[in-house]
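Just below is one structure, and these are the notes that go with it.
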Amino acid sequence: MDRFIFVFFISCTILAHALLASSYMATSDADSAILNDYPDVARLMYYARKRSCLKRGMSCDHRPNDCCYNSSCRCNLWGTNCRCQRMGLFQKWGK
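FYI, the numbering for the sequence shown is -18 to -1, 1 to 77, going by mature numbering (1 follows the signal peptide of the UniProt record, and there is no 0).
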């Protein structure tokens, strides 16, 4: 009985290791074949990665060019609750 439990434990361990080591999705040439058949897909995927700006009133986090044109990311005294707001007079002159 002890031998059976030991063999069962070892086989489960090997099976778990094999399942965890294999990738979830198989990589194949089918992916590149799909992109070759549909060239617009690559172009659309490129445009999907571009970043847009945040409108006034939206939350921001001090990334460069995070807010739209003529807006800046302004926070309260403690550096929290940051929002895109209209640039101040001196901020406009500095740009």
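Cβ coordinates follow ideal geometry from the N, Cα and C atoms, glycine included.
- Per DSSP, the unbroken beta strand (DSSP E) holding S54 starts and ends at S53 to R56.
- Where R68 is concerned, the enclosing beta strand (DSSP E) starts and stops at R65 to R68.
- Comparing alpha-carbon positions, the option among I(-5), C50, G70 and M40 lying closest to S34 turns out to be C50.
- Only buried fits L36, as 16 or more other CB atoms lie within 10 angstroms of its CB.
- The beta carbon of D48 is closer than 8 Å to those of C35, L36, C42, C55 and C66 in its chain, skipping five residues each way along the sequence.
- Between N58 and M69, the CB-CB gap reaches or exceeds 9 Å.
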